[in-house]
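Asks:
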């Protein structure tokens, strides 16, 4: 997790120069050379490079290149033309360019449980995330004061039985154009396919089990019933198939026969917030690339 | 895992004195006092005591007490009478007494994969297990030489398509009266209910996934397909419900998108042999008590 | 970590009945029987029992027994007499009796870093600790607002160069009679021997390394210089020998060559707060018993 | 740990084509582009690329590039000329080219303890290491039979008190020209500076503690005395400063107050063999690059 280090930089000067280039597509000879040549010819210095191929012979290729370039914002248009020419037209690749001084904008959905939500707000305050929390949306009013203490707006949108549609329409009005991704921090409502399709930004969820074990509701009770010796948490992108989306990060903690279901919930809460925090930090730095229903995560 | 320490003992003297008393039953007031009083009145010194109640109000109680007693073999009959009187008759409890210098006798079933099998044989040779491997039974001849090098008999019992019954009858003849428990060290055959019922001793299996995730065949391929970030192994008692028996021990190891299915198999092999070794060591020391479809494990 | 479960109890009724008896002393035959007999004769039902002997032949014995007893507060004096008679006089043991509905009172010392401090305040608010934070004392004013938001008093006591004595005298006036233990949550001042001796309650510190590696200041920089592949944190009781007191809990996290010293600090912060939280929770429940310069920890 | 996968290859055809290029030197703009251009112009397809810079502005740069190239052995001379011209002369870098079908040759030094030694021999037999064990050298005859069972020569070279020189001279005669690296698998003799300098190949040692904690002899006893809650193992390159060489890999396992020093040794043995096996596998695949007294490890 090589997070940005703003404190060691002269603000407004060098930070503006750092960028990340994300490339993916059908693997073929010469991609790494092409990418590094385009960047070098633009005057960029490559800071770090991660790449992965699902199969060098006939697979999918992924690369994340962090570079430094004077006046990136100024020369960006020219660089984009070169990327289109050399990577898109020349090699049939997709590419995406991000400037490192542009934090991503996130919304957090929560219900009544606060541990994942507060941990993210606190990490943002500490400067650990390359992301700003634009708003918190909840189907309960309970956590409003805690959230607003961090200077973040809290929108209470009740979800009435049998009428999720009205709530989701309000969600979409609040979110439209305002956020780059959404985090479900133990939000206890299932999102409709319409919402997921309509919102148009990635959604990260934390599931309180080591998926694919204990899919669905009540995973800690199921874990107790099955007598497992480790419990876990899973951060994943949300798709229409509940608990089936691409996994970003997972971790576990040891438990024993002496732990009650409540103990599992408490121990699990510590894993949930760590796993979700890692997933959000990595996503915010464009370290997570989707590969079908899996992910390529360039982080350690 | 406080294993026996034969090197620090005067053989034939103190080892003969150590015993373990396993008690279980409906929880009620006074059990701990009754057990410790019976032992103390018999002249025993309690070395360690672990107990667990699923619910002090109306649950199931489990206790494992290790004690030292001069001439345990001599006074055993008398002690057993007191246990029957005070614990069975008086409190309605089940009890079981084991002498620590009596290693359990085990059979190992294997197929072609050697890592779990060799690890157990090597740990027995090092004196890490309170158990002796009496025989190895396999449906393939491949591992005979490796096993016999350890001085352990190897019985090749082929399993013909559509005729598992003949093989299992031979298994039962080999095992009858000779072993106290069986370990399936990556044995790639499903045992019939008749065999499980007929053999009359506990059977420990190692499943190459973090159960209940990836039940059934090919768990590493399933793990790769699902894109999990940790893989694991599970040691459990075998019941007629495949992969559903009481879990004894589990552990995991981190993997990444860069790991192929073959990499998962290699990394997983290290977890499998560790998890199985722990489960076998604990079972051999009577540290694992079955509680319905769960286990109480008095080990750390 | 079987924490209290207030939600499942009828407040004012059963909680008042639960107690814990801590016994230690020279090991000898009959201690477990004596303890359980005293409790059973008093009408108590033993809920859980942990014991440890450094050496059954001639070592030190430790036992923590949790029990339920109607009207514990009423019959306490009588029970204490029996414990004095049977355990202290009869067997030469020390004993200590605590009622589980009496949370311990704690003070937290902090400086400018907030992660350990906020984590403890947040866990208290969630009901995870059997302890109340009575006050936070700091040599800096920075964290006052965050602490007071939790309804906890914040006392800013500056420490002037060359005059630690004046500050420590004020600390002692604030603490005297008000707290049962003290937690140093990344407090960046060394306590004098006079203070440690004078305050008369246990002090828990979190050291930001895997002790005994990297004793003293700047452990993360030292870890980076040495090129270690794991970093850790250690919670320990404070003694006059800096970083040498009895260790309560430790944990680690994996790092790589790509992590800068700042990255180590960020990753380490997550380990620090988890390790300190576990140590504080266990201490508050009397699960940590000092044994010379080590500890016996009855927790999992 | 993306180990070789011989089973999925047509032997003698594709394996011969895979190579790894290791580059290091003073970081400057254009290195990645230069390396990938040289390889691409030679007709190579880059399979994977890992790079690290200690500081993009003025640090040291490390890169490991795995590539596939038809007739690598044939065109190798030509490729080397291009690497000299473009990387050494042009950019002042060091480079090293290895063909992936050439396993490294290793010698293992051992004493009486077998767990690390047997684990390496067994992993070689399974095909997990890109290395062949050429010989085992020991100052004791005890393990000869176990080693020779694997078809590996065992040389017993006693070390007489006060005359290590004679033994080390024999070691050098046995090793000269025959091995690419040496592994000390719990070899209980300190190597002289003359030997380390004279042997001219890297030496990997496994230290039975989490360095820099518990340097020197008897680390498990020291760990017990200090009361640590985790014990570990460290694989490192041997330098003249005992236990101070660059660390390759470390790991830990949890222990409790109930574990005796012997228990720590047994639990530690499992960590030692895993940590050493990882370090040896990574070294054999040129994934470990020395950076002063640290290492850059391109593995996961």
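Residue numbers (my numbering), protein chains in the order written: chain Z, 1 to 300; chain G, 301 to 600; chain W, 601 to 900; chain P, 901 to 1200. Note that the Cβ used here is the ideal one computed from N, Cα and C, for glycine as well. Bear in mind that the values here come from a model prediction, so they are computed numbers and not experimental data.
Would you say the segment 531 to 543 of chain G touches the segment 384 to 394 of chain G, given that touching needs at least three Cβ pairs under 8 Å?
Replies: Contact fails: fewer than three Cβ-Cβ distances are below 8 Å.
Asks: Decide if residue 162 of chain Z is buried, meaning its Cβ has at least 16 other Cβ atoms within 10 Å, or exposed.
Replies: Translated into positions along the first chain, residue 162 of chain Z becomes position 162. With fewer than 16 other Cβ atoms within 10 Å, it is exposed.
Asks: Whole beta strand (DSSP E) runs in the segment 45 to 87 of chain Z with 3 or more residues, listed along the chain?
Replies: List check, beta strand (DSSP E) in window: 45 to 53 and 60 to 68.
Asks: Identify whether residue 735 of chain W lies in helix, strand or coil by the three-state DSSP scheme.
Replies: The count along the third chain starts at 1 and reaches residue 735 of chain W at position 135. Strand, per DSSP.
Asks: Along chain Z, which residues have their Cβ under 8 Å away from the Cβ of residue 676 of chain W?
Replies: Position 76 of the third chain, counted from the start, is the residue given in the question as residue 676 of chain W. Within 8 Å Cβ-Cβ: nothing; residue 676 of chain W doesn't reach chain Z, min ~27 Å.
Asks: Using DSSP bridges, identify the partner residues of residue 551 of chain G.
Replies: As a first step, residue 551 of chain G is located in the second chain; it is residue number 251 there, counting from the start. DSSP lists G/533 as partners of residue 551 of chain G.
Asks: What is the rounded straight-line gap between the Cα of residue 847 of chain W and the Cα of residue 833 of chain W?
Replies: Reading the third chain from its first residue, position 247 is the one you call residue 847 of chain W. Reading the third chain from its first residue, position 233 is the one you call residue 833 of chain W. Their backbone Cα atoms lie some 11 Å apart in a straight line.
Asks: Consult DSSP for residue 785 of chain W and reduce its assignment to one of helix, strand or coil.
Replies: Taking the first residue of the third chain as 1, we reach residue 785 of chain W at position 185. Three-state DSSP puts residue 785 of chain W in coil, outside helix and strand.
Asks: Taking the alpha-carbon positions, what's the residue 154 of chain Z to residue 142 of chain Z distance?
Replies: Within the first chain, the letter at position 154 stands for residue 154 of chain Z. Within the first chain, the letter at position 142 stands for residue 142 of chain Z. Their Cα atoms are separated by approximately 10 Å.
Asks: Quick check: is the beta carbon of residue 368 of chain G nearer than 8 Å to any beta carbon in chain P?
Replies: The residue you call residue 368 of chain G lines up with position 68 of the second chain. So, not an interface residue.
Asks: Which residue marks the beginning of the alpha helix (DSSP H) containing residue 755 of chain W, and which one marks its end?
Replies: Along the third chain, read from residue 1 onward, the residue named residue 755 of chain W stands at position 155. Premise fails: residue 755 of chain W lies in the beta strand (DSSP E), 754 to 756, not in any alpha helix (DSSP H).
Asks: Can you name the residues of chain W whose CB is closer than 7 Å to the CB of residue 591 of chain G?
Replies: By 1-based counting over the second chain, the position of residue 591 of chain G is 291. Near residue 591 of chain G there are no residues of chain W at all, since even the closest Cβ is about 16 Å away, more than 7 Å.
Asks: Enumerate in chain order the residues of its own chain whose CB-to-CB distance from residue 1175 of chain P is below 6 Å, with the five nearest sequence positions on each side excluded.
Replies: Position 275 of the fourth chain, counted from the start, is the residue given in the question as residue 1175 of chain P. Result list for residue 1175 of chain P: 1133, 1135, 1149 and 1151, in chain order.
Asks: Taking the alpha helix (DSSP H) that residue 1139 of chain P belongs to, which residues open and close that run?
Replies: Against the fourth chain, residue 1139 of chain P aligns to sequence position 239. Looking at the DSSP string, residue 1139 of chain P is not in any alpha helix (DSSP H), and its letter there is neither H nor E.
Asks: Using a Cβ-Cβ distance cut-off of 8 Å, determine whether residue 724 of chain W contacts chain G.
Replies: Taking the first residue of the third chain as 1, we reach residue 724 of chain W at position 124. So, not an interface residue.
Asks: Excluding the 5 residues flanking residue 537 of chain G on each side, which residues of the same chain have their C-beta closer than 8 Å to its C-beta?
Replies: The sequence position of residue 537 of chain G within the second chain is 237, counting from 1. Same-chain partners within the cutoff: 502, 503, 504, 505, 545, 546, 548, 590 and 595.
Asks: When the Cβ atoms of the segment 1175 to 1184 of chain P are set against those of the segment 1021 to 1032 of chain P, are three or more pairs found closer than 8 Å?
Replies: As far as the Cβ criterion goes, the segment 1175 to 1184 of chain P touches the segment 1021 to 1032 of chain P, which means the pair count is three or higher.
Asks: For residue 749 of chain W, return the contacting residues in chain Z, with the cut-off set at a CB-CB distance below 7 Å.
Replies: Residue mapping note: residue 749 of chain W aligns to position 149 of the third chain, counting from 1. The contacting residues are 149.
Asks: Beta-carbon within less than 7 Å of residue 1188 of chain P's beta-carbon, same chain only, minus the 5 sequence neighbours each way: which residues are those?
Replies: Working through the fourth chain from its first residue, we reach residue 1188 of chain P at position 288. Closer than 7 Å at Cβ, skipping near neighbours: 1148, 1182, 1195 and 1197.
Asks: Please state whether DSSP places residue 796 of chain W in a helix, a strand or coil.
Replies: Residue 796 of chain W sits at position 196 when you count from the first residue of the third chain. Looking at residue 796 of chain W - three-state DSSP - the assignment turns out to be helix.
Asks: So residue 49 of chain Z contacts chain G; which residues on that side make the cut at Cβ distance below 8 Å?
Replies: Locating residue 49 of chain Z in the first chain gives position 49, where the first residue counts as 1. Here the premise fails: no neighbours, minimum Cβ distance about 14 Å.
Asks: Measuring alpha carbon to alpha carbon, tell me which residue in Z/108, Z/211 and Z/119 is nearest residue 181 of chain Z.
Replies: The count along the first chain starts at 1 and reaches residue 181 of chain Z at position 181. For residue 181 of chain Z, the nearest C-alpha among the options comes from Z/108.
Asks: With a CB to CB cut of under 8 Å and the five nearest residues on each side skipped, what residues in its chain are close to residue 1093 of chain P?
Replies: As a working mapping, residue 1093 of chain P is identified with position 193 in the fourth chain. Only 1140 meet the Cβ criterion.
Asks: Starting from residue 40 of chain Z and walking both ways along the alpha helix (DSSP H), at which residues does that stretch end?
Replies: Taking the first chain and counting its residues from 1, the one referred to as residue 40 of chain Z is at position 40. Per DSSP, residue 40 of chain Z belongs to the alpha helix (DSSP H) from 31 to 41.
Asks: At a Cβ threshold of 8 Å, is residue 40 of chain Z touching chain P?
Replies: One-based indexing of the first chain puts residue 40 of chain Z at position 40. So yes, residue 40 of chain Z belongs to the interface.
Asks: If you measure from the beta carbon of residue 1 of chain Z to each beta carbon in chain G, is any gap under 8 Å?
Replies: What you label residue 1 of chain Z is simply residue 1 of the first chain in a count that begins at 1. Reliability fails at residue 1 of chain Z, whose pLDDT of 32 lies under 50, so the model's placement of it is uncertain and the value that follows must be treated cautiously. No, its Cβ sits nowhere closer than 8 Å to a Cβ of chain G.
Asks: May I ask you to list, following chain order, the residues of the segment 317 to 336 of chain G that have a beta carbon less than 7 Å from some beta carbon of chain W?
Replies: Going along the segment 317 to 336 of chain G in chain order, one finds 329, 330, 332, 333 and 336 with a Cβ nearer than 7 Å to chain W.
Asks: Which of the three DSSP states, helix, strand or coil, is assigned to residue 468 of chain G?
Replies: Residue 468 of chain G sits at position 168 when you count from the first residue of the second chain. Residue 468 of chain G falls in the helix class under three-state DSSP.
Asks: Who are the Cβ neighbours of residue 17 of chain Z in its own chain at under 8 Å, not counting the five residues just before and after it?
Replies: One-based indexing of the first chain puts residue 17 of chain Z at position 17. Counting only Cβ-Cβ distances below 8 Å, and skipping sequence neighbours, we find 68, 69, 70, 71 and 72.
Asks: Rounding to the nearest angstrom, what Cα-Cα distance links residue 185 of chain Z and residue 661 of chain W in this structure?
Replies: Residue numbering aside, residue 185 of chain Z sits at position 185 when the first chain is read from its first letter. Residue numbering aside, residue 661 of chain W sits at position 61 when the third chain is read from its first letter. So the two alpha carbons sit approximately 46 Å from each other.
Asks: Between residue 620 of chain W and residue 325 of chain G, what straight-line distance do the alpha-carbon atoms span, to the nearest angstrom?
Replies: Position 20 of the third chain holds residue 620 of chain W. Position 25 of the second chain holds residue 325 of chain G. Cα to Cα, residue 620 of chain W sits roughly 24 Å from residue 325 of chain G.
Asks: How is the beta strand (DSSP E) around residue 394 of chain G delimited, first residue to last?
Replies: Here residue 394 of chain G is taken as the residue at index 94 of the second chain, counted from 1. It spans 394 to 399 - the beta strand (DSSP E) in which residue 394 of chain G sits, taken as one unbroken run.
Asks: Can you name the start and end residues of the beta strand (DSSP E) that residue 19 of chain Z belongs to?
Replies: By one-based count along the first chain, residue 19 of chain Z stands at place 19. Unbroken beta strand (DSSP E) run through residue 19 of chain Z: 18 to 26.
Asks: For the segment 225 to 249 of chain Z, which residues have a CB atom closer than 7 Å to at least one CB atom of chain G, in sequence order?
Replies: From the segment 225 to 249 of chain Z, only 226, 227, 228, 229, 230, 246, 247 and 249 have a Cβ closer than 7 Å to chain G.
Asks: Is it buried or exposed for residue 266 of chain Z, if we count other Cβ within 10 angstroms and need 16 for buried?
Replies: Along the first chain, read from residue 1 onward, the residue named residue 266 of chain Z stands at position 266. It is buried - the Cβ of residue 266 of chain Z has at least 16 other Cβ atoms within 10 Å.
Asks: Please list, in chain order, all residues of the same chain as residue 723 of chain W whose beta carbon is under 7 Å from its beta carbon, the five residues on each side excluded.
Replies: Position 123 of the third chain holds residue 723 of chain W. Answer for residue 723 of chain W: 729 and 877, listed in chain order.
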